[in-house]
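Q: Mind looking over this structure? Questions follow.
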Amino acid sequence: MAQQAPIHIRLASTACAMLLAATSWSAAAGAAEVDAASAPAPPGFAQIIKKVRPAVVGVRVKMEGKAPNVLQEMPLPPGSPFERFFRQFGSPTPDSAAPEVVTALGSGFFISSDGYIVTNNHVVDHGKSIEVATNGGKTYKAKVIGTDPLTDVALIKVVVPGDFPYVRFASTEPEIGDWVLAVGNPFGLGGTVTAGIISGRGRDIGAGPYDDFLQIDAAVNKGNSGGPSFNVKGEVIGVNTAIYSPSGGSVGIGFDIPAETVSLVIQQLKDKGHVTRGWIGVHVQPVTPGIAEAMGLKKDQGALVADVQADSPAGTAGVEAGDVIVSVNDATVRDSRELARRIAAIAPGTSVKLNLLRNGQEKSIAVTLSELPRAAEAKAGGEAKSDQTAALGLTLAPAKSVAGAGEHGVVVTQLDPNGPAAQSGLQTGDVILEIGQHAVNEPADVRKEVEAAHTQSKHAVLMRIKRGDAMEYVAVTIG
């Protein structure tokens with residue numbers, strides 16, 4: 004106990020010293036308090052909001068039928084990460100005058116003085132009639148000019164002529180950490196303003212092929228869909244579209260369509276009523292670390308061409324399955340989604356330069372884009388006599404012996420769920436067409452390629468497979 008005494012003394016001494024310091028500071032506190040009271044308040048957003056809020060409107064859409072489920076209203080793929088995202092903030096409520104009519108609430112904003120308004124496609128989709136309510140309390144009928152489900156953007160227009168207040172899109176992209184002001188119609192409370200920052204960029208939430216969302220932490224809720232987010236200059240940097248919410252309310256994770264995307268889409272909607280996109284006719288996938296190692300690439304970057312459609316622009320120009328596209332017109336392509344966005348943003352008929360890697364060698368190919376066509380779906384499957392390939396934990400059969408599998412390749416008929424093949428992503432029913440760019444048509448061919456990879460001290464083999472009607476590559480670990 005004698006050794007502890009100095010410690011308690013020192014602590015007590017420190018506390019006394021702090022008390023004395025506080026007492027001596029408080030002797031002069033009066034003057035300090037007077038100065039603080041007369042100091043100007045920190046700058047807020049009032050002036051910006053006064054300027055932009057008149058251009059923001061509430062959108063009321065009437066539709067027939069029962070109130071749609073918030074999640075089921077959107078075409079969500081089974082197992083998609085987007086099943087956890089509430090894209091339709093509009094909360095349909097029964098219309099008292101007509102029980103079979105529901106009203107969905109959303110937001111929008113004027114982009115021109117003659118009444119053009121931007122909102123979300125999912126706000127106006129299937130609508131029988133549309134009304135917009137201004138911040139000043141006036142209500143106008145509106146009509147749909149055009150919609151784009153792939154980006155969830157819609158352009159509508161007030162029916163009557165007028166001179167409406169409007170806002171402009173930002174000319175520069177926002178950065179993470181920048182202030183963001185969201186204005187909209189949450190729960191029907193028009194003209195609501197919330198503030199936060201840009202939390203992230205380039206978010207892919209599984210909504211569609213062109214996901215490139217801004218993530219914001221400004222509170223957005225049901226009814227904010229289609230409303231704008233502003234920077235501190237009063238420029239639109241994005242359109243509020245989705246939130247992540249286990250509870251249904253804001254938890255500080257919202258997603259905006261970037262202004263750059265919206266401005267490109269609405270220009271086409273205004274001019275043509277629909278959107279046309281460039282297309283090269285390839286099925287691509289990301290270059291994972293495993294695929295990069297199996298292909299001997301220095302970086303796990305680029306878009307791996309899994310399949311080239313017959314008579315497509317890419318096929319005509321000489322692009323081949325197994326090529327890794329690394330840039331478009333010398334702009335770097337980080338992954339398959341970035342390639343899709345870059346190509347889609349270029350007008351059909353334009354010639355672009357693709358830089359790619361083929362067998363480790365750099366190559367440049369000029370491709371003239373076509374217009375993106377409608378996609379088709381198909382399936383195939385069957386059973387047949389099998390041959391065990393124990394090293395990979397899978398059972399194989401020649402594709403020609405399996406009904407509907409085609410004449411080339413080997414079909415995965417069984418999988419060990421704990422084996423290397425299953426752990427690497429192979430599935431029952433997959434048709435293995437190539438391993439290391441060598442065609443395989445018998446189970447023995449697969450064993451041969453795996454053994455050859457072992458002798459070369461490789462840790463994985465690259466398989467080109469057909470899954471349903473799609474082609475892709477899978478890097479399978481071989482130990």
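In my numbering, each residue carries its 1-based index in the sequence shown increased by 3.
For glycine and all other residues, C-beta sits at the position ideal for the given N, C-alpha and C.
With distances taken Cα to Cα, identify the nearest neighbour of L3 among G257, F258, V62, V278.
A: Here the chain comprises residues numbered 4 to 482, so residue 3 is not present and cannot be evaluated.
Q: Quick one: residues in its chain with C-beta nearer than 8 Å to the C-beta of G299, no 5 flanking neighbours on either side, listed in chain order?
A: Position 296 of the sequence shown, counted from the start, is the residue given in the question as residue 299. So the list reads G363, once near-sequence residues are dropped.
Q: With DSSP run on the structure shown, which of helix, strand or coil describes R470?
A: Sequence index remark: in the sequence shown, residue 470 carries index 467 (1-based). The answer is strand: DSSP assigns R470 an E or B state.
Q: Suppose only complete runs of 3+ residues qualify. What are the beta strand (DSSP E) ranges in the stretch 427 to 457, listed by chain order?
A: Qualifying beta strand (DSSP E) stretches, in chain order: 434 to 438.
Q: Taking the alpha carbon of K302 as the point to measure from, which residue in T335, R470, E437, N224 has its own alpha carbon closest?
A: As a working mapping, residue 302 is identified with position 299 in the sequence shown. The option with the nearest alpha carbon to K302 is T335.
Q: Tell me the DSSP secondary structure of E323 in three-state form.
A: Counted from its first residue, the sequence shown places residue 323 at position 320. In the structure shown, E323 sits in coil (DSSP, three-state: anything other than H, G, I, E or B).
Q: DSSP three-state call for K275: helix, strand or coil?
A: Against the sequence shown, residue 275 aligns to sequence position 272. K275: helix per DSSP, three-state reduction.
Q: Any contact of the stretch 166 to 175 with the stretch 212 to 228, i.e. 3+ C-beta pairs under 8 Å?
A: These segments do not touch.
Q: Applying the 10 Å Cβ sphere with the 16-neighbour rule, what's the burial state of G407?
A: Along the sequence shown, one-based indexing puts residue 407 at 404. Counting Cβ neighbours within 10 Å, G407 comes out exposed, since fewer than 16 surround it.
Q: Alpha carbons only, please: which of V62, I468, M466 is nearest the one belonging to L192?
A: Position 189 of the sequence shown, counting from 1, holds the residue named residue 192. The candidate whose alpha carbon is nearest that of L192 is V62.
Q: Mark N188 as exposed unless 16 or more other C-beta atoms lie within 10 angstroms of its C-beta, in which case mark it buried.
A: Along the sequence shown, read from residue 1 onward, the residue named residue 188 stands at position 185. So N188 counts as buried.
Q: With 16 other CB atoms within 10 Å as the buried threshold, where does P46 fall?
A: Residue numbering aside, residue 46 sits at position 43 when the sequence shown is read from its first letter. It counts as exposed.
Q: What would DSSP say about I52, mapped onto helix, strand or coil?
A: If you number the sequence shown from 1, residue 52 lands on position 49. Three-state DSSP puts I52 in a helix.
Q: With a Cβ-Cβ cutoff of 8 Å, do I328 and L375 count as a contact?
A: Within the sequence shown, residue 328 is the residue found at index 325, counting from 1. Within the sequence shown, residue 375 is the residue found at index 372, counting from 1. The answer is no: Cβ separation not under 8 Å.
Q: Using a Cβ cut-off of 8 Å (strictly closer), state whether G193 contacts chain C.
A: Any reference to chain C falls outside this structure, which holds one protein chain only.
Q: Do you know offhand how far G194's Cα is from L342's?
A: By one-based count along the sequence shown, residue 194 stands at place 191. By one-based count along the sequence shown, residue 342 stands at place 339. Approximately 38 Å between the Cα atoms of the pair.
Q: In this structure, does DSSP put K403 in helix, strand or coil?
A: Counting from 1 along the sequence shown, the entry for residue 403 is found at position 400. Three-state DSSP puts K403 in a helix.
Q: Answer yes or no: do P177 and I201 have a C-beta to C-beta separation smaller than 8 Å?
A: To locate residue 177, count along the sequence shown from 1; it is residue 174. To locate residue 201, count along the sequence shown from 1; it is residue 198. Contact flag set, yes.
Q: Just to confirm, is the Cβ distance from F48 to A198 under 8 Å?
A: Locating residue 48 in the sequence shown gives position 45, where the first residue counts as 1. Locating residue 198 in the sequence shown gives position 195, where the first residue counts as 1. For F48 and A198, yes; Cβs fall inside 8 Å.
Q: Taking all protein chains shown into account, decide if S253 is buried (16 or more other Cβ within 10 angstroms of its Cβ) or exposed.
A: Position 250 of the sequence shown, counted from the first residue, corresponds to residue 253. Counting Cβ neighbours within 10 Å, S253 comes out buried, since at least 16 surround it.
Q: Any contact of the stretch 450 to 462 with the stretch 421 to 429, i.e. 3+ C-beta pairs under 8 Å?
A: The stretch 450 to 462 is not in contact with the stretch 421 to 429.
Q: In three-state DSSP terms, what is T270?
A: Against the sequence shown, residue 270 aligns to sequence position 267. The question names Thr, but residue 270 is Gln in the sequence shown. DSSP places Q270 in helix when its eight states are reduced to three.
Q: Would you kindly report the start and end of the unbroken alpha helix (DSSP H) that includes S339?
A: Numbered from 1 along the sequence shown, position 336 holds the residue referred to as residue 339. Counting along the chain, the alpha helix (DSSP H) containing S339 begins and ends at 339 to 347.
Q: Can the beta-carbon of I368 be found less than 8 Å from the beta-carbon of A320?
A: Here residue 368 refers to the residue found at position 365 of the sequence shown. Here residue 320 refers to the residue found at position 317 of the sequence shown. Against a cut-off of 8 Å, the Cβ pair of A320 and I368 comes out as a contact.
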